[in-house]
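*Asks:* Take a look at the following structure, please.
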């Protein structure tokens, strides 16, 4: 605090206190204002505004502060911080909070006011204010600033003015976080104008941190006198000239000298500013050198070397301490070795010459263990880096914001060329609870590209990585809402993401991102599971025309409301497209409509959901309004154990979809329905035209596992869905399986009406299929996601853990009646049971015994089957399986395992812990034998008739032939 103005400031505050006391005594509400007892004398010379007594002051939060940011309600309180805007700290200035007004007596003797204004950095990218400068009540300057903006220069002519007023006004959202700084504020009462520095910045296509000798670059110079000349120099050598436009800005394009030495430097702009004052401005830059040098790292080496293969670095500290790497260089870690510490290399590559982090030698991927750092690998404000072939860990016993591989752009420049491919990232102990720390959760992931402020990235490629056991999620491209430039050339493909504690893939702030051929399985689970809030499978936010296709999301656990496979989230521009995707068994179902802020609100964005297959994923959630519409067509929804829950509002057109579910009601408000098919209990909405009711005759509905290979969702010959749809224009040109479609403009489009559902090929002849290709029900669930699957209409399942305790372990062998088989060979959470409905199971082998493993539900415990032999003969048999809860062993059926309990989820989708109930009653798996002629080789078994939906009937979990008599080959 400066002693001379302190006395005046205290006097002003004392006067304000007297006015406040008087107001309270008369019952009038006090205002946060202070007025000096007498008008201060005008300043002389060039002085800082914080050293001049103000004539009046009002402030929206406590008093305005001198040379510090606005703090608490008291003058000089401990909450004040140095004035900081856009990362720049200013020693002088005034800290205010909107709404604020400070006036000075000029006495007609002053010439100029200068300042750098902005929202103080203590507000962490939040806040929005309007700065205004008035001279004798006339506005001479106005500028908006947000928390993500840097400082805005102010340069105002004061000549002839008697009063200077500095105002800060709130935006329409109120004054939260509106700490507003008049940094470096000066009042010039001398005989001449003084120079204000020019602003120099890289253009959108120029990365000043990666200038390449011999290539062009462009900078923009601002705050020039309109139409005046300006020159740019580098290391004392003029590069180019330009002329400012009518706004005082000039774009200068120059060629970096071919022989320019690499390293840090400055670009200097020289020109004329306002009031015809000569001035300059500069900005830092980095000139790269291209090299093909390789640096080797062997963390098992006993001594530190020089980075050659013969004498490698032996620690991450050596890599970090090397200094900036040149474009085209490689840092290679020895395969099979472990390195501990946060890897934070410096340097920037250029197009066609990236800096590469990878491996050398034979053995497994080398391990980079961040040991609890913010990130195991962190690369900041750099372009053209490739991270490939590494094993990345970042473990800790204490969850905070953490990432495995992190690229950050913390400034306003555009970086480029980020490639992350072929890595295995796991055990990342990030933040798990979005409800308690949304920012910590959003910024935790296995792989993340994060931009702050105005920065963006041109070229993000994340491919062929495996990410598991990472808190917060798998892959995230993250940015604040206030970014001003989209990321471009964003491609995320072929990543295997599983058992992560949140979202599989999140895409922020990107123009036309393409997300394809990824899998996100067992989301919300793993070593660092989700603990609170919401997450979804794959979704965009604040992006333009995003495309998600050929992806799989399955077996996600519950969250507060979401836990869907797909979500089109807020601030989308254009069309959000989900096509050719497959999802199964997610606690929140198929899709979340958050396109207009999740809770309503108007949007102009459209959403297209087409040619997707949803297995036991029949829920739509969220809401929207406005001119934007959901176009939902040619999807297949097959949910034998769950009703269709339509919890979504908003305009929609729904055509050519197949709905298989035991019940549910589709919303009809602001909706058009046409040519959809319904089976199992769900019915068409009133007024639908062209609907089809009845068995769709799928080849093997419900048989999808955890990949896009789902041939069971083709239509069998004779299906009533063949040719029963209506033509949809511009429908993408292909179906889920690659068949051409009948949409207008489709190449090779079939003649006539399209099929209903995701399959547009001809009817498929029915033939025997292996048991694994026919399973259609999930009967076993585990503690990590007990909501997936159901063996009964009231949503009961076996517990994997309880069965294991009873001796029946997933993937292990068991035997009965002399026949061996494997119990539950598929992943838990995928279909494992064939609900008998007349399917023909392909088999091979000979023996005296046909072994059928499973159970029955309801009142149906047996049925007539037919065993077919390779010699053309067949035999009619009876398959009997006792009830899983009440049945007992017989002469032909034994108990394979009896678990002490089973489980039930009391609602079809999402729900808290209370909606999963442990039922302390036995649950039994049986094996029954059927005698067959041992000399005949079995070719197939036609199962008893019944319903493929979850209800009473025979539930078969394995079919095998064995017990070959001695001597029979």
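Residue numbers (the numbering used here): 166 to 1134.
Glycine residues also receive a C-beta, built at the ideal position from the N, C-alpha and C atoms.
Computed from a predicted structure; not experimentally measured.
Count Cβ pairs between the segment 613 to 631 and the segment 294 to 305 that sit closer than 8 angstroms; are there 3 or more?
*Replies:* no
*Asks:* For the segment 278 to 354, which segments carrying the beta strand (DSSP E) assignment without a break, of at least 3 residues, lie completely within its bounds, in sequence order?
*Replies:* 293 to 300, 303 to 311, 317 to 322, 328 to 335 and 344 to 354
*Asks:* Per DSSP, which residues does residue 862 bridge with? Please list them.
*Replies:* The sequence position of residue 862 within the chain shown is 697, counting from 1. Under the DSSP definition of a beta bridge, residue 862 lacks any partner.
*Asks:* Exposed or buried, what is residue 330 when buried is set at 16 or more other beta-carbons lying within 10 Å of its beta-carbon?
*Replies:* The residue you call residue 330 lines up with position 165 of the chain shown. Residue 330 sits buried, since 16 or more C-beta atoms from the chains shown fall within 10 Å of its C-beta.
*Asks:* Residues in the same chain with beta-carbon distance under 7 angstroms from residue 186, minus the five sequence neighbours each way, listed in chain order, please.
*Replies:* The residue given as residue 186 occupies position 21 in the chain shown. Because the pLDDT at residue 186 is just 34, under 50, the model does not fix this residue reliably, and the value given afterwards should be weighed accordingly. Within the same chain, residue 186 has no close Cβ partners at all.
*Asks:* How about residue 677 and residue 703: do their beta carbons lie closer than 9 angstroms?
*Replies:* Position 512 of the chain shown holds residue 677. Position 538 of the chain shown holds residue 703. Taking 9 angstroms as the Cβ cut-off, residue 677 and residue 703 do not qualify as a contacting pair.
*Asks:* Quick one: is residue 245 buried, meaning 16 or more other Cβ sit within 10 Å of its Cβ, or exposed?
*Replies:* Counted from its first residue, the chain shown places residue 245 at position 80. Buried is the call here.
*Asks:* Taking the straight line between their C-alpha atoms, what separation do you get for residue 1072 and residue 727?
*Replies:* As a first step, residue 1072 is located in the chain shown; it is residue number 907 there, counting from the start. As a first step, residue 727 is located in the chain shown; it is residue number 562 there, counting from the start. Computed Cα separation, rounded: 15 angstroms.
*Asks:* Going by DSSP, which residues form a beta bridge with residue 743?
*Replies:* For the purposes of this step, residue 743 is taken as the residue at position 578 of the chain shown. Answer by DSSP bridge pairing, in chain order: 713 and 774.
*Asks:* Looking at the C-beta of residue 1074, does it have a partner C-beta in chain C at a distance below 9 angstroms?
*Replies:* Judged by its chain identifiers, the structure shown contains no chain C, having just a single protein chain.
*Asks:* Rounded to a whole number of angstroms, what is the C-alpha to C-alpha distance between residue 819 and residue 841?
*Replies:* Locating residue 819 in the chain shown gives position 654, counting from the first residue. Locating residue 841 in the chain shown gives position 676, counting from the first residue. So the two alpha carbons sit approximately 8 angstroms from each other.
*Asks:* Could you name each continuous alpha helix (DSSP H) segment of 4 residues or more that falls completely within the segment 531 to 607, going from the start of the chain to the end?
*Replies:* 603 to 607
*Asks:* Expressed to the nearest angstrom, what Euclidean distance is found between the alpha-carbon atoms of residue 942 and residue 777?
*Replies:* In the chain shown, the residue the question calls residue 942 occupies position 777. In the chain shown, the residue the question calls residue 777 occupies position 612. Those two C-alpha atoms are separated by around 20 angstroms.
*Asks:* Under the DSSP definition of a beta bridge, which residues are partnered with residue 1109?
*Replies:* Within the chain shown, the letter at position 944 stands for residue 1109. Beta-bridge pairing links residue 1109 to no other residue.
*Asks:* On the DSSP bridge list, what partners appear for residue 836?
*Replies:* Within the chain shown, residue 836 is the residue found at index 671, counting from 1. According to DSSP, residue 836 bridges with 817.
*Asks:* Tell me the residue span of the beta strand (DSSP E) that contains residue 1068.
*Replies:* As a first step, residue 1068 is located in the chain shown; it is residue number 903 there, counting from the start. Here the beta strand (DSSP E) through residue 1068 covers 1067 to 1070.
*Asks:* Based on Cα-Cα distance, which residue from 693, 804 and 622 lies nearest to residue 673?
*Replies:* Sequence index remark: in the chain shown, residue 673 carries index 508 (1-based). When only C-alpha atoms are compared, the closest one is 622.
*Asks:* Who pairs with residue 1018 in a beta bridge, going by DSSP?
*Replies:* Here residue 1018 refers to the residue found at position 853 when the chain shown is read from its first residue. For residue 1018, which the question treats as bridged, DSSP gives the partners 1092 and 1123.
*Asks:* Let me know the secondary structure DSSP gives residue 223 once reduced to three states.
*Replies:* Position 58 of the chain shown, counting from 1, holds the residue named residue 223. In the structure shown, residue 223 sits in a strand (DSSP, three-state: E or B).
*Asks:* On the criterion of 16 or more Cβ atoms from any shown chain inside 10 Å, does residue 965 qualify as buried, or is it exposed?
*Replies:* The count along the chain shown starts at 1 and reaches residue 965 at position 800. Buried, by the Cβ-count rule.
*Asks:* Among 582, 636, 583 and 590, which has the Cα closest to the Cα of residue 605?
*Replies:* Here residue 605 refers to the residue found at position 440 of the chain shown. Measuring from the Cα of residue 605, the nearest candidate turns out to be 636.
*Asks:* Below 8 angstroms, can you find three or more Cβ-Cβ pairs linking the segment 311 to 324 to the segment 275 to 284?
*Replies:* yes
*Asks:* Taking only the alpha-carbon atoms, compute the straight-line gap between residue 770 and residue 737 and give it to the nearest angstrom.
*Replies:* As a working mapping, residue 770 is identified with position 605 in the chain shown. As a working mapping, residue 737 is identified with position 572 in the chain shown. So the alpha carbons of these two residues sit roughly 6 angstroms apart.
*Asks:* Does the beta-carbon of residue 851 have 16 or more other beta-carbons within 10 angstroms, so that it is buried, or is it exposed?
*Replies:* Residue numbering aside, residue 851 sits at position 686 when the chain shown is read from its first letter. Burial state of residue 851 is exposed, judged by a 10 Å Cβ sphere holding fewer than 16 other Cβ atoms.
*Asks:* Taking the alpha-carbon positions, what's the residue 579 to residue 568 distance?
*Replies:* The sequence position of residue 579 within the chain shown is 414, counting from 1. The sequence position of residue 568 within the chain shown is 403, counting from 1. A direct Cα-Cα distance of roughly 22 angstroms separates residue 579 from residue 568.
*Asks:* Evaluate residue 349 with the Cβ neighbour count: other Cβ atoms within 10 Å of its Cβ, from every protein chain shown; 16 or more gives buried, anything less gives exposed.
*Replies:* Along the chain shown, read from residue 1 onward, the residue named residue 349 stands at position 184. Result: buried.
*Asks:* DSSP three-state call for residue 440: helix, strand or coil?
*Replies:* Position 275 of the chain shown holds residue 440. Helix, per DSSP.
*Asks:* Between the segment 374 to 381 and the segment 353 to 361, do three or more beta carbon pairs fall short of 8 angstroms?
*Replies:* no
*Asks:* Specify whether the segment 707 to 715 and the segment 686 to 695 touch according to this definition: at least 3 beta carbon pairs, one from each stretch, less than 8 angstroms apart.
*Replies:* Remark: fewer than three beta-carbon pairs, one from each stretch, lie closer than 8 angstroms, so the segment 707 to 715 and the segment 686 to 695 are not flagged as touching.
*Asks:* What are the partner residues of residue 387, as DSSP defines its beta bridges?
*Replies:* Here residue 387 corresponds to residue number 222 of the chain shown, with the count starting at 1. Its beta-bridge partners are 364.
*Asks:* Residue 965 by DSSP, collapsed to three states: which one?
*Replies:* Residue mapping note: residue 965 aligns to position 800 of the chain shown, counting from 1. In the structure shown, residue 965 sits in a helix (DSSP, three-state: H, G or I).
*Asks:* Can you have a look at residue 500 and say buried or exposed, based on whether 16 or more other CB atoms are within 10 angstroms of its CB?
*Replies:* Numbered from its first residue, the chain shown carries residue 500 at position 335. Buried.
*Asks:* On a CA-only basis, which of 1113, 1078 and 1111 is nearest residue 696? Give me that one, please.
*Replies:* Locating residue 696 in the chain shown gives position 531, counting from the first residue. Of the listed residues, the one whose Cα sits closest to residue 696 is 1078.
*Asks:* Taking C-alpha atoms, which residue in 773, 897 and 640 lies nearest to residue 656?
*Replies:* Against the chain shown, residue 656 aligns to sequence position 491. Answer by Cα proximity: 640.
*Asks:* What does a CB cutoff of less than 6 angstroms around residue 858 pick up in its chain, not counting 5 residues either side in sequence?
*Replies:* The residue given as residue 858 occupies position 693 in the chain shown. For residue 858, where only same-chain residues beyond five positions count, the Cβ hits under 6 angstroms are 843.
*Asks:* In chain order, what are the residue ranges of uninterrupted beta strand (DSSP E) at least 3 long that sit wholly in the segment 838 to 908?
*Replies:* 842 to 844
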